[in-house]
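Every position in the sequence shown, counted from 1, becomes a number in the numbering used here once 59 is added. Every residue gets a Cβ at the ideal spot worked out from N, C-alpha and C, and that includes glycine. To start, the structure under review is shown below, and the notes come after it.
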Amino acid sequence: MTTETADEARTVTDVDLTATLLNLIGATSVSPAVEPAAKALSTLLTSSGFEVSVDDWGNVIGRLDFGPGPVVLYDAHIDTVEVGDRSRWRHDPVGELVGDLIVGRGAVDTKGPLVAAVHAARQLATGSDVTGSLIISGSVDEELAEGPSLGRILDQVTPDVVVIGEPSDNVLSIGQRGRGEVVVDITGASSHSAFPESGVNAVDVMAESLLALRDMPLLTDPNLGVGQLTLVSIQSSPYPSQSTVPAGCVAVFDRRTVVGETEDEVLAEIRAVVEPIAHRHGAGAVVRLARASWRTWRGHEVDAPVFAPAWHQVADSWPVRAVVPALDGRGFDSRTTTWQFCTHGSESAGRRGIPTIGYGPGRPDVAHTADEAISLSELRQGVDGYHAIFTALLGSS
60 MTTETADEAR TVTDVDLTAT LLNLIGATSV SPAVEPAAKA LSTLLTSSGF EVSVDDWGNV
120 IGRLDFGPGP VVLYDAHIDT VEVGDRSRWR HDPVGELVGD LIVGRGAVDT KGPLVAAVHA
180 ARQLATGSDV TGSLIISGSV DEELAEGPSL GRILDQVTPD VVVIGEPSDN VLSIGQRGRG
240 EVVVDITGAS SHSAFPESGV NAVDVMAESL LALRDMPLLT DPNLGVGQLT LVSIQSSPYP
300 SQSTVPAGCV AVFDRRTVVG ETEDEVLAEI RAVVEPIAHR HGAGAVVRLA RASWRTWRGH
360 EVDAPVFAPA WHQVADSWPV RAVVPALDGR GFDSRTTTWQ FCTHGSESAG RRGIPTIGYG
420 PGRPDVAHTA DEAISLSELR QGVDGYHAIF TALLGSS
């Protein structure tokens, strides 16, 4: 191929990538109202040669069969967070091309990676000697809870390996910390604030508990770092209060976990700190996981505990040992990384033990920001990277 021909081919690819991503961004999909994006993805996958279905939750599942062989599932969520304060956006959050950048909510998280994966799959379908099956799923409502919607997909398909499509700056990710949302509920006794000794001030009990929880030791993982416990909200009751000692106080914590930590262990360590303090003051204490409840766009009612386990794929195991040389052979960065945030990998790897890796174009720190954007060069690299990954994981004829 001459330089001129290569430039023309890249131009065609850029035009196609841009149009496809702008179309998907324009199909707005703030959780759980993702029907426009689900329909747009269904159309895209169908036109790309996939056999497409939409399940009872509204997950879009496309399948390309190349004969007997491994089953590779690629998943990227199609929902997004809210746009937020529109005045903070300089460009259109529903999609705008600005020079080399495609701007819009979901450009990085995760419609850009999804579009790159579909384009890589097209290349496999038009000229490849791979065997097996490639499944691309656009999962719903990941922004509401990591794991449940991929779990529904995994109830229907049985992959040998899962590839999570989240932004990783086109570097292979082999793990992530987990996340739990822990609620601490203190029950005291109200009284007139002129006679505080007649009541049990739930806020005072909570304040003492907060200080003690700061000193609670947390596990450290050699690959994922240290666990974290972060207070994210607190509310007394009654609120607002006038001349009344608060009888209740509820605090919510974000608990970042490392590999091996379970729901029961996370709750038990917090109970061991909070319950003795509450009992000493004559108060009650309940420590529990928060629950995420919503209705998907297809009308399915979801109610799930907010706990997504950590996971890590060891570097010398398949699929990592197959993918790293494949990326290196294409001139890509052959390092591996781990995500600091939580992904659907908590379901595939953390709960079900399915070999899982992650990869995607775009910088993770751009997700959820005003003027969220991904460059065409990042997208092109993402297409090539996904092509290398899919080829390495599928069999050869």
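Excluding residues up to 5 positions away in sequence, P226 lie with their Cβ nearer than 6 angstroms to the Cβ of P423 in the same chain. Under the three-state reduction of DSSP output, F449 falls in the helix class. Just so you know, the alpha carbons of I137 and I416 end up roughly 19 angstroms apart. In the structure shown, V382 adopts helical secondary structure according to DSSP, grouped into three states. The three-state reading of DSSP puts P364 in strand, counting E and B together. S407 places its beta carbon less than 8 angstroms from that of L213. Among the bridge pairs identified by DSSP, Y133 is matched with I195 and V222. Judged by their CB atoms, V216 and L283 are not nearer to each other than the 8 angstroms cut-off. Annotated three-state conformation of G237 is strand, per DSSP. Residue pairing by DSSP puts F312 in a beta bridge opposite V241 and L290. Take the alpha-carbon of G404 and the one of S257: they are about 51 angstroms apart. In terms of Cβ geometry, D313 and V291 form a close pair [threshold 8 angstroms].
Minimum Cα-Cα distance from I329 among the listed residues G358, L203, V243 and V317 corresponds to V243. Counted as a single uninterrupted DSSP element, the beta strand (DSSP E) harbouring L156 occupies residues E155 to V157. Burial state of V285 is exposed, judged by a 10 Å Cβ sphere holding fewer than 16 other Cβ atoms.
Pairing G237 with E141 gives a Cβ-Cβ distance that is not under 8 angstroms. In chain order, P95 and V153 place their CB closer than 7 angstroms to the CB of T87, counting only its own chain and leaving out the 5 sequence neighbours on each side.
For the pair L83 and D228, the Cα-to-Cα distance works out to about 20 angstroms. Rounded to whole angstroms, the gap between the alpha carbons of S198 and P420 is 18 angstroms. If you check the CB distance, V241 and V93 do not come in under 8 angstroms. Within the model, the alpha-carbon separation for D114 versus Q440 is close to 31 angstroms. When R357, V361 and G412 are compared, the shortest CA-CA separation from N118 is found for R357.
Judged by DSSP secondary structure, L277 falls outside any alpha helix (DSSP H); it is assigned neither H nor E. In the displayed model, A99 falls within a helix according to three-state DSSP. Taking V361 as reference, the option from G85, R211 and P281 with the minimal CA-CA separation is R211. If you compare the alpha carbons of E437, A447, I448 and T450 with that of T77, the shortest gap goes to E437. Beta-bridge annotation (DSSP): V425 is not paired with any residue. Judged by DSSP in its simplified three-state form, H359 adopts coil rather than helix or strand.
The bridge partners DSSP lists for R347 are V242. Non-local C-beta neighbours of S295 in its own chain, meaning closer than 6 angstroms and more than five positions away in sequence, comprise V262, P305 and C308, ordered along the chain. With contacts defined by Cβ atoms closer than 8 angstroms, G239 and V332 do not form a contacting pair. By the Cβ-count criterion, G143 is exposed, with fewer than 16 other Cβ atoms from all chains shown falling within 10 Å of its own Cβ.
Annotation for V333: the continuous alpha helix (DSSP H) segment containing it runs E322 to R339.
The C-alpha of V167 is placed about 45 angstroms away from the C-alpha of A337. In the three-state reduction of the DSSP assignment, S146 falls in the helix class, which pools H, G and I. S112 carries a strand assignment under DSSP once its states are collapsed to helix, strand and coil.
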